[in-house]
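Residue numbers (full-length UniProt numbering): 1 to 157.
Even for Gly, the Cβ is constructed at its ideal location relative to N, Cα and C.
Notes follow once the structure below has been shown.
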């Protein structure tokens, strides 16, 4: 199992589909996960330190966990089946709750817990970006620095 860090989110064109990009903390593999726009916004807001006027669902969940006296210890991306990623929230006492990776990452960022991916998921979906493509990664980082949460809102919102 490898610890992952959030590189960020971006919108893939022309489909306007947000992608969450994770990278191994002590490795070279990236893990791209297609996610929904609501979760992309929640992740982007947290990464940018933006506090909405009203709490988002992930903020509420963080408060509920604390109010119940539980502690989220980590998030684990556990499986990839037919193109769909699966994750678990791991609480104190090894209590595990199945969750979408996008929600799990949004919550992990708010609580400040590590994100891990099992080796089988990284072996199947992890990408190693060759050195000659590092400038593309740098462009992606620059994009992440310039993107705003409004960029993830659909045309109908």
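Please identify the residue among the options whose C-alpha is closest to the C-alpha of residue i.
i           : options          : result
residue 30  : 65, 84, 20       : 20
residue 99  : 120, 105, 88, 79 : 88
residue 39  : 124, 18, 25, 48  : 18
residue 116 : 34, 75, 62, 54   : 75
residue 10  : 25, 35, 24       : 35
residue 125 : 67, 24, 68, 61   : 24
residue 102 : 15, 12, 13, 33   : 33
Is the separation between the beta-carbon of residue i and that of residue j shorter than 8 Å?
i           : j           : result
residue 6   : residue 122 : no
residue 118 : residue 84  : no
residue 114 : residue 3   : yes
residue 73  : residue 90  : yes
residue 42  : residue 22  : no
residue 62  : residue 13  : no
residue 52  : residue 60  : no
residue 93  : residue 47  : no
Would residue i be called buried (16 or more neighbouring beta carbons within 10 Å of its own) or exposed?
i           : result
residue 155 : Low confidence applies to residue 155: its pLDDT is 49, below 50, so where it sits in the model is not reliable, and the reading given next is rough at best. Answer is exposed; the Cβ neighbour count stays below 16.
residue 127 : exposed
residue 105 : buried
residue 15  : exposed
The alpha helix (DSSP H) that contains residue i, what's its start and end?
i           : result
residue 121 : 119-125
residue 41  : 37-48
State the start and end residues of the unbroken beta strand (DSSP E) segment that holds residue i.
i          : result
residue 54 : No beta strand (DSSP E) contains residue 54, which DSSP labels as neither H nor E.
Entirely enclosed alpha helix (DSSP H) segments - the stretch 56-81, minimum 4 residues: You should have 57-67.
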